Amino acid sequence: MSAIFDLNLMVRPEHIDVLGHVNNVVYVQWMQDVATAHIDQLGLGIQQYLELKHAMVAVEHHVQYRKAALLDDPIVLRTWLSDINSMYLFRQYVFYRPADQAVLFMGQTKWACVEIATGRPKRISPTFSQAYQPLNDQINPLDFTHSYTV
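Residue numbers (the working numbering): 103 to 252.
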């Protein structure tokens, strides 16, 4: 199982704004979508969160829009974990167009562990810290010659 996760998609009409490119809000939705798909692949997704009674929730996003994605562009949403400590998990994102390997978007999310019933912060449990491992420094997530699609 790879520490990098790729999700392939095609830009559809509902992603496009009045300026003719993917709307900024859509990129944030894609961050959520690829993160959810990745945690499911790691075996500790939403269903397991409900069973454990605690979950990771986004507390901060940093985004950088680099180039426009257009209707019918096939793109890859790539994500990986960059750091984890007792309270927070940090996830990185790069969305790119394989046709020209253009980086369209880069982002980071800071996630915190909370008790689902109360919404109160909780130390990251060993269950989470074992499943969610940061990417090895030897791996370059911006090397688009490798595909990490499952």
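We put the CB at the ideal spot given by N, CA and C, even for glycine. Note that the structure is predicted; figures quoted are calculated from it, not measured.
With H, G and I counted as helix, E and B as strand and the rest as coil, what does DSSP make of residue i?
i	result
LEU146	coil
ALA201	coil
SER188	coil
GLN210	strand
To the nearest angstrom, report how far apart residue i and residue j are at their CA atoms.
i	j	result
LYS224	ILE218	10 Å
VAL216	VAL165	23 Å
PHE246	VAL205	10 Å
ILE118	VAL128	9 Å
LYS212	VAL124	24 Å
Among the options, which residue has its Cα nearest to the Cα of residue i?
i	options	result
LEU144	ASP108, THR220 and GLN203	ASP108
MET189	MET158, TYR129 and GLY122	MET158
ILE177	LEU121, GLY147 and ASN110	ASN110
ALA214	MET208, PHE207, ASP202 and SER227	SER227
TRP132	LYS169, LEU179 and LEU121	LEU179
Using the DSSP secondary-structure output, state which residues sit across from residue i in a beta bridge.
i	result
THR251	ASP108
TYR151	Per DSSP, none; premise fails for TYR151.
Contact between the stretch 233-246 and the stretch 182-196 (3+ Cβ pairs under 8 Å) = yes
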